[in-house]
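In this note's numbering, the protein residues as written are 2 to 126.
Below is one structure, written out as structure tokens; the observations come after it.
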């Protein structure tokens, strides 16, 4: 699993991308979508046949571009609202996407959150 800080966002483009695009072409797509390409967030793009993916990020004065090609199968898009141009993913969803796992078939348990209102703060003697 990818371990990324919670401050790093992962944005998946829901429209297909020409995989011939390099650093500058993908950065132009990010900027045209209204995002800050220099934010350090990850921007994921899929090919029309959804067997290729590219991930663009900015790191310490330069672009980082990663790619993956599936030899069998296709990347499965997560569920998203009609008309959405981007979908935000977490690191587990990105890992499943890159492994070719259909995240819509995966069921997650509800995340645990601490109860803050019922905390007894009275000092004990």
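Just so you know, even glycine gets a beta-carbon here, dropped at the ideal spot from N, CA and C.
- Membership of residue 39 in any beta strand (DSSP E) is not indicated, and neither H nor E is assigned to it by DSSP.
- Here the alpha carbons of residue 30 and residue 110 stand approximately 35 Å from one another.
- For residue 99, the uninterrupted alpha helix (DSSP H) segment begins and ends at 92-99.
- Residue 66 carries a strand assignment under DSSP once its states are collapsed to helix, strand and coil.
- In the three-state reduction of the DSSP assignment, residue 24 falls in the helix class, which pools H, G and I.
- Following the DSSP letters along the chain, one finds residue 56 inside the beta strand (DSSP E) bounded by residues 53-60.
- Spanning the alpha carbons of residue 63 and residue 103 requires a straight line of approximately 32 Å.
- Closest in C-alpha terms to residue 42, from the list 76, 51, 106 and 66, comes 66.
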